[in-house]
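Chains as they are written, first to last, in the working numbering: chain A, 1 to 456; chain B, 457 to 823. Idealized CB from N, CA, C, for every residue including glycine. What follows is a short report on a single structure.
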Amino acid sequence: MFESLSQRLSTVFDKLTGRGALSEADVGEALREVRVALLEADVALPVVKDFVARVKDRAVGQEVVKSVTPGQMVVKIVHDELVATLGTEGADLNLNAVPPVAVLMVGLQGSGKTTTSGKLAVRLKKDRKKVLLASLDVYRPAAQQQLEILARQAEVGSLPIVMGEMPVAIARRAMDVGRREGYDVVILDTAGRLHIDQELMAEVAQVRDAVKPTETLLVADAMIGQDAVTLAREFNEKVGVTGIVLTRVDGDARGGAALSMRAVTGRPIKFLGLGEKLDALEPFHPDRIAGRILGMGDIVSLVEKAMETVEQDEAERLAKRIEKGKFDLEDMLAQFRQVEKMGDLKGIISMLPGIGRLGDQLKDAKLDNKVVGRQKAIILSMTKAERKNPDLIKASRKRRIAAGSGGTVQDVNRLLKQYQQMADMMKKVGKLGQKGLMRHGLGGLLPPGMGKKFGR
Amino acid sequence: MSGKGLFGRLWGKKTAETEPAAEVESEALGHAAEEASELAAAEGAVPPAAEPEAAGVPAEVAGNGWFARLKAGLSKSSSRLGQGLADLFTKRKLDDEALEELEDLLITTDLGVATARRVTERLAKTRFGQDVEPAEIKEALAEEVAGILAPVARPLVPDPARKPHVVLVVGVNGSGKTTTIGKLAKRFRDEGRSVTLAAGDTFRAAAVEQLKVWGERTGCPVVARDTGADAAGLAFDALAEARRRGDDLLFIDTAGRLQNKSDLMAELQKLVRVLKKQDETAPHDVLLVLDATVGQNAHSQVEVFKDMVAVTGLVLTKLDGTARGGVLVALAERFGLPVHAIGVGEQAADLRPFEASSFARSLVGLE
């Protein structure tokens with residue numbers, strides 16, 4: 001149901017024909033769309049307003065780089081600002097303290113604290129740290145057992161459970177055991193609590209005072225909505241947060257909460273939870289989250305990648321031919337070569353916006369770079385005349401080409417059909433003129449239904 | 457309450473320039489409301505350790521405590537919205553600017569941009585340009601929202617002809633499925649029905665133990681296997697057992713799964729197919745449990761789970777925070793699935809039928 005930001009912006013900018021600097025009016029209209037896109041991605045409203053104001057300052061008067069549409073330009077500015085706001089990657093755990101170092105895990109019920117505790121333990125163990133896991137969750141049934149099981153799976157220490165012991169006492173005992181038994185890190189997993197539950201917030205503050213944690217990680221679900229700001233602010237004010245862990249990033253939520261929480265607390269997002277397995281914890285990459293929030297796949301990096309690899313004269317030559325409504329098999333071959341240069345086909349297609357939902361279909365399509373190779377071989381088995389004038393290719397020529405390329409006549413037919421579709425499309429693009437081609441960007445260079453065709 | 461800072465800062469900036477008096481006044485009101493709700497919470501709250509006791513309290517008696525708790529929970533969550541509205545509409549004309557701010561306020565409850573816009577547009581149709589007071593605009597807003605929600609406020613009614621009436625409970629990880637089952641079991645046990653629980657979350661560590669605790673609390677037999685066992689097989693056995701006993705209800709817990717994990721969703725479909733081998737009509741209800749803090753992703757959750765396992769109704773949990781669950785309004789508009797219950801706390805008695813008008817009024821900060 002969500003349109004990607006690039007789609008939204010292309011409707012705004014389709015009306016614009018002029019180039020040059022972005023005017024205040026253009027930017028204003030674009031930013032209304034940006035605002036909606038951010039809100040649909042669950043970025044909290046006050047954060048959205050602040051963000052949009054900053055982008056506006058940066059965008060007005062900005063020169064539109066040749067060969068990019070104004071829409072793409074705005075996307076780029078928004079993206080860069082998002083990445084800047086989300087912070088830098090590689091903020092690892094701070095363990096600079098006398099061991100055992102206490103790491104306190106806090107968050108709402110069901111945000112994934114216990115699983116994340118287990119994942120952190122696995123990660124620290126890889127760094128040759130001796131880790132003790134202790135559950136302070138005396139409220140949820142079987143929560144302590146859950147952490148005990150995870151500790152066993154992670155092959156790290158687990159604080160023996162004493163029924164009826166209260167959280168602060170458990171925390172103290174954990175630190176004692178940590179000191180006595182020479183642990184490097186003690187991870188304290190607390191009960192889920194609502195940030196407005198004064199009693200439980202006071203309790204976790206007492207735990208904090210008792211163990212003086214070096215890290216207090218706020219664990220939050222990537223699916224969380226507008227309440228992310230309140231949540232983050234309350235936890236930060238009442239308990240003091242040193243970092244954020246965003247969980248369930250492997251879901252299809254846009255994850256705007258990341259931006260909200262980062263903006264409100266100023267604390268770094270340290271890790272992303274990407275699955276149910278204990279090794280599914282990754283360092284934070286602002287790029288990745290920025291792309292998700294905007295729902296634009298990695299269009300920015302696609303554009304950048306394209307600009308690097310597709311040679312400019314080649315593109316211009318092609319553009320001229322298309323303008324004249326000409327597109328032959330030589331051109332198709334040139335395109336296959338470009339696709340190959342840009343890397344893995346699957347990778348490129350997954351970078352295109354809106355493709356996320358097609359994930360399953362793509363999986364079925366079994367896209368394969370080898371297919372491109374085979375298609376190339378077919379064209380290379382043709383004579384120059386055939387490539388320039390595909391109408392020449394009849395039955396006996398087809399047999400020769402098939403034999404030459406090591407395939408069957410059906411393969412040749414399929415390629416010719418595909419060529420026909422592309423040629424038709426190029427004619428349409430040609431009518432729009434060169435600007436049209438640029439506007440359609442690389443999407444226009446890929447034949448329609450390419451995934452399916454290649455899947456055979 | 458420092459949480460007030462959100463609206464205080466947001467809306468306060470504008471109102472403070474023009475109406476400093478109103479700001480102070482509504483802030484004072486906010487404190488009063490907060491105190492009141494804290495009182496109510498103190499009355500209604502039972503320390504978590506005493507939970508098994510609370511489970512023994514008859515429903516009517518617990519009703520008072522629950523109402524206080526709901527009020528406490530919801531009024532906490534809505535007092536800021538209410539205050540925001542108060543700031544907005546104190547002696548004000550309902551003009552474009554006011555409507556835009558109203559729309560923003562709705563957005564902060566997770567209503568979503570499109571739904572917030574429609575609701576304010578409908579409001580504008582009848583009252584545009586009039587001088588409005590906060591109470592009046594809140595009433596009107598609550599009416600609009602309640603109008604959307606009323607058709608979906610339908611309780612979960614087990615069919616007495618089914619022995620058992622099979623209820624499959626699904627949702628993403630951490631949404632509160634197991635706790636909801638515990639609470640539902642408690643409610644139906646209090647009504648004198650026989651209930652069996654099936655610990656179908658065979659994936660998460662200690663999930664089976666968690667449901668077993670609820671089984672003990674509510675006096676329901678729990679069908680369980682070891683973690684890692686096949687959930688569909690377990691559900692099949694649980695249904696056979698419940699049929700043999702002639703139980704009224706069977707609740708089947710499932711492992712939390714993100715809706716975009718197609719293999720896990722296929723596993724859920726298999727569970728349903730296996731159930732149908734014994735009873736073609738089963739499951740009779742498929743409840744999707746949603747966390748009130750969820751934002752716009754709730755759309756995707758409902759859409760996919762509905763497609764995959766024919767969800768028949770929703771339960772909204774954790775409504776005792778500041779999250780207001782406004783996305784429910786958008787979901788009601790789009791899918792029209794019944795909302796059977798809301799969870800307002802961690803006690804066994806904290807699950808209540810969903811009432812459109814009280815939810816709507818709480819959402820906009822009335823009551």
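The continuous alpha helix (DSSP H) containing D287/A extends over residues P286 to L294. Exclusion of the five residues before and after V608/B leaves A788, G792, L793, P794 and V795 as the residues of its chain whose Cβ lies within less than 7 Å of its Cβ.
Every alpha helix (DSSP H) of 4 residues or more that sits fully in the segment 663-737 of chain B is shown, in chain order, as 663-674, 687-701 and 718-734.
For H79/A, the secondary structure class from DSSP, reduced to helix, strand or coil, is helix.
Just measuring C-alpha positions, the residue of V122/A, V47/A, D176/A and V27/A sitting nearest A210/A is D176/A. Within the segment 121-146 of chain A, the residues whose Cβ lies closer than 9 Å to any Cβ of chain B are, in chain order, V138, Y139, R140, P141, A142, A143, Q144, Q145 and Q146.
Residues A423 and M426 of the same chain have their beta carbon placed closer than 6 Å to that of F327/A, with the five preceding and five following residues left out of the count. Within the same chain, and ignoring the five residues on either side of I289/A in sequence, the residues whose Cβ sits closer than 7 Å to its Cβ are L86, G255 and A258.
Straight through space, the alpha carbons of R35/A and L550/B are spaced by roughly 23 Å. Between Q226/A and chain B, the shortest Cβ-Cβ separation is below 8 Å. K125/A sits close to E155/A, with the two beta carbons spaced by under 8 Å.
Considering only beta carbons, the part of the segment 789-810 of chain B lying closer than 9 Å to chain A consists of R790 and E802, in chain order.
If you look at E759/B, you'll find it in the alpha helix (DSSP H) that goes N753 to V765. The Cβ neighbour count for V760/B, taken over all protein chains shown within 10 Å, is at least 16; the residue is labelled buried.
With respect to K639/B, G821/B sits apart: the two C-beta atoms are not nearer than 8 Å.
Nearest neighbour of P677/B by Cα position, chosen from T683/B, A797/B and V669/B, turns out to be V669/B. By the 16-neighbour rule on beta-carbons within 10 angstroms, L82/A is buried. With respect to D566/B, V783/B sits close: the two C-beta atoms are nearer than 8 Å.
Nearest to A142/A by alpha-carbon distance, out of T114/A, A121/A, V131/A and R123/A, is T114/A. Closest option to F271/A, judged by alpha-carbon separation, among G291/A, A220/A, D331/A and K320/A: A220/A. With respect to chain A, the C-beta atom of G684/B has no partner C-beta closer than 8 Å. In the three-state reduction of the DSSP assignment, M105/A falls in the strand class, which pools E and B. Our two residues, A59/A and P286/A, have alpha carbons roughly 21 Å apart in a direct line. Leaving aside the five residues that flank K376/A on each side, the residues in its chain whose CB is nearer than 6 Å to its CB run, in chain order, F336.
Between A222/A and G251/A, the gap from beta carbon to beta carbon is short of 8 Å. Judged by DSSP in its simplified three-state form, D615/B adopts coil rather than helix or strand. Cα atoms of D693/B and K581/B: separation of roughly 57 Å, rounded to the nearest angstrom.
At a cut-off of 8 Å between beta-carbon atoms, D189/A makes no contact with chain B.
Inter-residue distance for F659/B and I593/B is about 49 Å (C-alpha atoms, whole angstroms).
A Cβ-Cβ distance of about 22 Å is found for the pair N629/B and G689/B, leaving them out of contact under the 8 Å criterion. Within the model, the alpha-carbon separation for D57/A versus M261/A is close to 23 Å. A residue is called buried when at least 16 other Cβ atoms come within 10 angstroms of its Cβ; Q586/B does not meet this threshold and is exposed. Contact annotation: S135/A and D189/A have beta-carbon atoms nearer than 8 Å. E559/B and V569/B have their C-alpha atoms some 8 Å from each other. Inclusion of V765/B and Q725/B in the CB contact set at 8 Å is warranted, their separation being smaller than that value. Within the same chain, R374, I378, A402 and S405 come within 8 Å of D411/A by CB-CB distance, once the 5 residues on both sides are set aside.
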